[in-house]
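Read in order, the letters of the sequence shown are residues 22 to 280 in my numbering. Every residue, glycine too, gets a C-beta built ideally from N, C-alpha and C. To start, the structure itself, in structure tokens.
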Amino acid sequence: MDLEQNIIEIQFATDEGLGERAKIGLIVLSSDQTLEYEFRTLLNLEGVAFYHARIPNEMEITKDSLAKMESELSPAAALLPAAFNFKAIGYGCTSGATIIGEENVAKAIQLVHPDTLISNPLTACKAAFQALGLKRIAFLTPYDPAITSAMRDNLLENGFEIPVTGSFFESDDFKVGRISPDSILEAIEKIGTRDDCDGVFVSCTNLRVAEIIETAEERLGKAVTSSNHALAWHLLRLAGINDCPENCGSLFRKQLKEY
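Next comes the structure, spelled out in structure tokens:
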């Protein structure tokens, strides 16, 4: 029996599919528990779709384990189909971008997506500080001192002041993802109330910060952003999405500036 004789061919039409305004790609650490969850809210805009691939990494966050990810960036980027025509792709690791280098991250991803704009939380936070007019940053991380210092040095070298730095001193990325938002909010208030800082940056894509951004800003009267928060905003702006959604903090009411 010819199977095709029993199947009626149905005609169809195509459209642009999801993300007709912008498709955004994400490279997420295999140990990350938070980034996709927060991006579902931060990128919840009409016509915007995001797609993610996971990159292998070790649960213990050290300079060596972060450096190892450089060789995995291009293979992870290849899991994001070039046919999707991404407008922007983000690598979701602040400490990894610090140790590997922002330019090296972009080069590795652009080997697969040569015409796509690239960001990471370190690059994104600098753009966010510029857009918010922040110069003196209260800096909070979960990292051990070596990684925290490397990131702080990067920000200092780029012209920002870091009057105060706080850390949870936790290198186990599984535990970092379990640090409660209440603990993070308390830490933000502890370092952010100082008169010598203009705003607060919470580093690490695994920390749950997005849900407390507005509360923190209301209590401090200052701008607050985080790795996921800044990266989502930067990817949207790079992709040409200039929407200013409510309940996402002061950063999402800003546009890109040169820095």
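- Coarse secondary structure for Y112, derived from DSSP in three states: Collapsing the DSSP output to three states places Y112 in a strand.
- Count the other CB atoms within 10 Å of the CB of E59; is the residue buried (16 or more) or exposed (fewer)? buried
- Bridge partner(s) assigned by DSSP for F284: Given a span of 22 to 280 for the chain in the structure shown, any question on residue 284 remains unanswerable.
- Message: Whole angstroms are fine: how far does the CA of T186 sit from the CA of C225?
- Response: 14 Å
- Query: Between which two residues does the alpha helix (DSSP H) harbouring T144 extend?
  - Reply: Run containing T144: P142 to L153, per the alpha helix (DSSP H) assignment.
- Message: Which residue marks the beginning of the alpha helix (DSSP H) containing H134, and which one marks its end?
- Response: Taken as a continuous stretch (DSSP letters only), H134 belongs to no alpha helix (DSSP H), as it is neither H nor E.
- To the nearest angstrom, report how far apart E41 and F105 are at their CA atoms. Distance between E41 and F105, taken at the CA atoms: about 11 Å.
- Task: For V197, I'd like the list of residues in its chain whose CB is within less than 7 Å of its CB, leaving aside the five on either flank, ordered along the chain.
- Result: P163, E191, C225, N227 and L228
- Item | Three-way DSSP call (helix, strand, coil) for Y72 in this model | strand
- Query: Counting only runs that start and end within the region 185 to 221, where is the alpha helix (DSSP H) found for 4 or more residues in a row?
  - Reply: With a minimum length of 4 residues, the unbroken runs of alpha helix (DSSP H) contained wholly in the region 185 to 221 fall at 194 to 197 and 202 to 213.
- Query: Which of the three DSSP states, helix, strand or coil, is assigned to E67?
  - Reply: coil
- Task: Identify the continuous beta strand (DSSP E) that holds A244 and give its terminal residues.
- Result: A244 to S247
- Item | Buried versus exposed, by CB contacts within 10 Å (16 or more), P96 | exposed
- Message: In the DSSP assignment, the alpha helix (DSSP H) including L87 goes from what residue to what residue?
- Response: K84 to A88
- Query: Cβ atoms of L39 and A70: under 8 Å apart, would you say?
  - Reply: Yes, Cβ-Cβ distance for A70 and L39 is below 8 Å.
- Query: Comparing alpha-carbon positions, which option in T236, I76 and D217 lies nearest C269?
  - Reply: T236
- Any idea what DSSP makes of T55, helix, strand or coil? Assignment of T55 by DSSP, reduced to helix, strand and coil, places it in the coil class.
- Anyone know if the C-beta pair for V245 and I205 falls short of 8 Å? no
- When you compare only the Cα positions, how much space is there between A74 and N249? Those two C-alpha atoms are separated by around 16 Å.
- Could you check the C-alpha separation between G261 and L277 for me, to the nearest Å? 10 Å
- Query: Taking DSSP as the reference, what is the three-state secondary structure of V49?
  - Reply: strand
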